[in-house]
């Protein structure tokens, strides 16, 4: 059997994995359906799960809960699966084909936005080759409403959080093959998914073509539950250790050229060894005072960035 020391060690490791970190793990999403769902909602949840894999958990059982009325069930499952994002699908007469995108902070619902599906084309209906699982997508947002309307601003932030995937230090050009495009127009949100094809162009830079791979959604915004400005600011706060340290004596000019100010000790030019030439003989009375001041002043040098 398992010894007591092994149990304690495993418990300690589990608690450490859930503890706050300077650099948090990749955000995972739990995808679940409510008590009543339609075929459209069920298929939509599966398609979004395939876009999110492997950073997602798909619950197959129905969960009889209403997130806007009582979010305790979502918070319980969030703690259980260590997920900070969720997608909840439901269907009823008042709100048909309903999806709720949301995120949690400290295992409590931060904000959630309800979207109704008006038109939907699934992954399987579009007969094209798909992107490999786990491909990090490029996210494109079109429409000035995403920068003007407060609800759509939060929706943009929420969708960025939901679909962005892991943070990577470098990206290869061939890996940029999946595009998720969101358009806000006339009170509706259009979501499209494309595969990026690199074609020969006759020069070094390839010609880009987009091929729709699905899923495709036409959404209409319904209810919203947004965090207060104070809580939203708290959720975005960065630890001091991650904040970039300000570099002293570094400045930039109008053209972006980087300058560094170097402080040097006062130099005694009278002791400077030079070639013994008639023209370089020291004058009587020592070094000129202007040379003293020039030697003491800090030097400004151009830094190659």
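In UniProt numbering, the protein residues as written are 1 to 305.
No residue lacks a Cβ here, since even glycine has one placed at the ideal position from N, Cα and C.
Check: Below-8 Å beta-carbon distance, residue 86 vs any chain D residue; Outcome: As a matter of chain content, chain D is missing from the structure shown, which is built from one protein chain.
Check: Three-state secondary structure assigned by DSSP to residue 22; Outcome: Residue confidence is low: residue 22 scores 49 on pLDDT, short of 50, so the model does not pin down where it sits. Its coordinate-derived value is still stated next. Coil.
Check: DSSP three-state assignment for residue 10, whether helix, strand or coil; Outcome: helix
Check: Own chain residues within Cβ distance below 7 Å of residue 122, not counting five before or after; Outcome: 43, 47, 214 and 215
Check: 3-residue-minimum beta strand (DSSP E) runs that sit fully inside the stretch 211 to 248, ordered along the chain; Outcome: 216 to 225
Check: Secondary structure of residue 92, DSSP reduced to three states; Outcome: coil
Check: For residue 101 and residue 75, believed in contact at Cβ under 8 Å, the rounded distance; Outcome: In fact, because the Cβ distance is near 16 Å, the residues do not count as touching under 8 Å.
Check: Per DSSP, the bridge partner or partners of residue 183; Outcome: 142 and 190
Check: Validate contact between the stretch 51 to 64 and the stretch 103 to 118 using beta carbons, cut 8 Å, 3 pairs; Outcome: no
Check: Among 83, 174, 170 and 179, the one whose alpha carbon lies nearest that of residue 199; Outcome: 174
Check: Buried or exposed (CB count within 10 angstroms, at least 16 for buried), residue 203; Outcome: exposed
Check: Coil, strand or helix - residue 75 by DSSP; Outcome: helix
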